[in-house]
Amino acid sequence: MVTSRTLRTAALPALLLVVPAVAQFVGGHEFTVEGPNSMELIDLDNDGDADLVLGTRNGMLVHANQGGTFAAGTLWNATDVVVHGVDIDQDGYVDLVGCDELGNAIQWYRNMGTFGPGLPQVVANGRIAKAITSGDIDGDGDPDLLFTLMDGALEWMENMDGQGTFGPGAVIVQGLYTDRAELGDVDGDGDLDVSWSDRDTKTLRWSENTGGGAFGTAASLSMSGIGTVRDLDNDGLLDLVVAKQLDGSVQWQRGLPNGFDAPVAIGTPWATSELVLAQDLDLDGDLDLAIASSDLDELAWYEHLDGSGTFGPRQTITIGIQDPHLLMAGDIDGDGDAELFTASYGQYRVIYFDNLAIAGNSIVGRVFNDLNADGIFNGNDHGLYNYRVEATDVAARFTNHSGMYSFSVIPGPYAVWLPAVAGWSFTTPDLYNVDVTSFGNTALERDFGLHADQSSVSIAPELVPGDIRCHEVVPYWISVANTGSEAADLHVSLYLDALSTYQGAIPAASEPMNGVPQWTFLNVPPSHQRLVQVFVEMPDDTHVGEVLTDSVVVNTQVNGQNYTASALVSPTVLCAVDPNDKQAFPVGVGADHLTEMGTELVYTIRFQNTGNIPAMRVRIEDVLETDLDLGSLRLIANSHLVSVELQDDGVLIFDHEDINLPDSASDPLGSQGFVRFAVRHRQEATEGTVLNNTAAIFFDLNAPVITNTTWNTLSYGAVNVPGPEHGTPAGLFVFPNPAQNDVAVDLNAGFTGRIQVSLFDAEGSEVRHLVRRSSTVVIDRDGLDAGIYFLRATDEAGALRTARVVFER
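Quick note on the numbering used here: the sequence shown kicks off at 33 and runs consecutively.
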């Protein structure tokens, strides 16, 4: 059968792709770890691949590398909360150094070569370390230890005999507020100096090794921010990489024989970054930069283009990493490129991303916002998220936060294209023909550039409740997407039903204003999303069957104009629910769920691991009806990192690989998640067509959980109340809307003096009239029937705003 994909070709020369490596990070593998304090890749069994060793609140946790993937964690001991790997006795096996927090001691374990540590040998008592590193500090040829201690001191200990007998220790500096220190030859004199980022003063500092392990007084390397010391330009002198705290920029300073050159900006200021990693991520011989920002809860990287200090645009890898505090890179699958790891203490998460710098039998590329319309990914360009890319004979894929897509393919010729995007024009070809050879190392370097036809501001909030179970604390998810063409600061407010109680959120809300939790997300690029998980206590069983009214409101200001968007949900209080279900919006009218022709259907699939162990993988398969238009499908929101593909036969797959979803008994809130997408019916669909939808949820290798079936019957006679508009100029916001009782009207800015508010029924009769000077008006529903009403507000200057109000039965 000939499909639309096989017809999509162009008269372009085929590209034979045997190309230099280009780092691109995809996927996202998660581990749930209680309090990840340290994180290292260490080949513990000398089998040639690196195992993941974590220092956690529960002790030393090891994930064995099994051919490029990690096994479930094994707790090697319940004492060491920080772990470091180094061959202390120089026998060719990496030993482990750990901090026993309860025992108030630092100890090391000889690697016996049997994938398990030997007996602990005390290095020092009376010390609790936040971080441990190592190097030949005294220049005698064996590895010494450097500790960043809880009491604010940096202390080093000499390996006296090269066999693990340590001296009494020497304090380098005290009174620090830093998480970890680094060793490196800052001044180029041949010995290892110590540098660290001081989180209190927001400066990068160092102490000179004056010889033999004696250290000088602490001094400043940079007064403008935190960072690291590395040789970026390969001239043999260490350079500075600094994340400035005042303006959110990243800079580097070239090392000179007697100091450092003036700062050079890397990209434009974006947000404060707390972690900076310099490592060759694309295998071109120079150091690239990875950064993590707690302001944005984001992980990003900059490609070093020429080895001389010229960097490409900032590339977002992922968002939603709350207060990332660890960052490292290393090759775990043996292909030569380094995967990127980060950790969040607040979320109990360790996450790593696959590096496709070496991608055999793959097609890899990017969809990006070409801000300067030059057809090249450069300057301030950024990746576009959740864009569908198609190729012949393989399932369609959706881009990640970097704008990256990846197809795993067998050798052969392919056409790869990006479907047209409304409101955007291509600055590159929209299709490429490519030959994937049989000998690997292949990747598509041709990107898809898009430039907005005009400036637009649009916000798309989503509010997704978990299982509404009486008496319990349940999760809600807020997803906010920038669907316009301009970057924007998004200010989010959550309005919960009076019967519900806010209990917290990840990320945490700012100080509630009038009891309303609020969040601010800075510099959200077009197409990108931000996610909040909220914990809400439900009412007791005396309220079973009652309908709650919850809403989320998002505000932004672009070019001096205010914009507001909202989303509302009305869940019913229950005490027993099926935690794995399917929902459709609109539900439709009556028993047949009559739905107006042309309506976009929004589907939500909720899942929960009700087993008794964590689920390593959650895979959702949704077979879409043939009357649905696959080309109209768009992804809206998801609770976890997920890879999405859409097959030609209409099978939509959400694959949460390495999600490590906790079981409901050990973590009721963390065991839940969701995905949400929208799709329209085909134009050929006729009145009376029934659109059924059911999903299958696979937890690891277990039999699938089959959800309920939703159905919508297409009709020209159905009355459909559309949802809230997104991105309209602010003036009137009514919440809740639809409503069962009273409504509040937020008049926002734009009105002057006394404001007259009138409410009209469907026949045009005025049923309410109020005069106010305040910014909020409450309209009493008493005596008003269910139906659609028209709200009008005018001020003394003649400014007019209108809104529609829906009262439900």
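Yeah, the Cβ is synthetic: ideal placement off N, Cα and C, and Gly gets one too.
query, result
"For Val203 and Ala185, the rounded distance between their alpha carbons", "7 Å"
"Where Thr627 falls: helix, strand or coil (DSSP)", "strand"
"CB contact flag (Val584, Leu701, <8 Å)", "no"
"Own chain partners of Asp365 with C-beta closer than 6 Å, once the 5 adjacent residues on each side are dropped", "Gly100"
"Distance between Asp168 and Gly444 (C-alpha atoms, nearest Å)", "51 Å"
"His17 (DSSP reduced to helix, strand or coil)", "Here the chain has residues from 33 to 841 only, and residue 17 is not among them."
"When Asp582, Met436, Asp271 are compared against Thr348, the one with the closest alpha-carbon", "Met436"
"For His503, the three-state DSSP class (helix, strand or coil)", "coil"
"Rounded straight-line distance, which links the Cα of Gly60 to that of Trp449", "24 Å"
"Validate contact between the segment 288-296 and the segment 322-336 using beta carbons, cut 8 Å, 3 pairs", "no"
"Sequence ranges, alpha helix (DSSP H) only - wholly within the segment 134-200, length at least 4", "none"
"Stretch pair the segment 401-416 + the segment 646-664: three plus CB contacts closer than 8 Å", "no"
"Secondary structure, beta strand (DSSP E): runs of 3+ residues fully inside the segment 673-712", "675-678, 683-688"
"Three-way DSSP call (helix, strand, coil) for His575 in this model", "helix"
"Residue from Phe247, Glu306, Ser252 with nearest C-alpha to Lys276", "Glu306"
"Coarse secondary structure for Phe783, derived from DSSP in three states", "coil"
"Beta strand (DSSP E) segment containing Asp582, residue limits", "582-590"
"Short Cβ contact (8 Å threshold) for Phe17 with Arg638", "Outside the displayed span of the chain (33 to 841) sits residue 17, for which this structure offers no information."
"Local conformation of Thr826 per DSSP, three classes", "strand"
"For Asp132: DSSP bridge partner residues", "Asp112, Ala137"
"Ile353, DSSP secondary structure in three states", "coil"
"Distance between beta carbons of Gln561 and Tyr417, contact taken as under 8 Å", "7 Å"
"Spatial distance of Thr459 from Glu653 (CA atoms)", "35 Å"
"Nearest residue (CA-CA) to Asn90, options Glu190, Val115, Ile74, Asn97", "Val115"
"Distance, Lys162 Cα to Ala212 Cα", "Correcting the residue type first, residue 212 is Arg in the shown sequence and not Ala. Those two C-alpha atoms are separated by around 7 Å."
"Distance, Gly130 Cα to Gly67 Cα", "15 Å"
"Boundaries of the beta strand (DSSP E) in which Pro544 is found, first to last residue", "542-545"
"Alpha-carbon spacing of Tyr141 relative to Met92, whole angstroms", "12 Å"
"Unbroken stretches of the beta strand (DSSP E), 3 residues or longer, contained in the segment 607-674", "613-617, 626-628, 633-640, 650-655, 660-670"
"Extent of the continuous beta strand (DSSP E) run through Ile204", "202-205"
"Candidates Ile820, Ile787, Val810, Gly244: closest to Thr826 by CA position", "Ile787"
"Exposure of His433, with buried meaning 16 or more beta-carbon neighbours within 10 Å", "buried"
"Cβ separation of Val711 and Leu665, assumed to be a contact under 8 Å, to the nearest whole Å", "5 Å"
"Check whether Leu253 and Asp217 have beta carbons under 8 Å apart", "no"
"Paired residues, beta bridge with Glu569 - DSSP", "Val505, Thr533"
"Delimiting residues of the beta strand (DSSP E) encompassing Asp386", "381-387"
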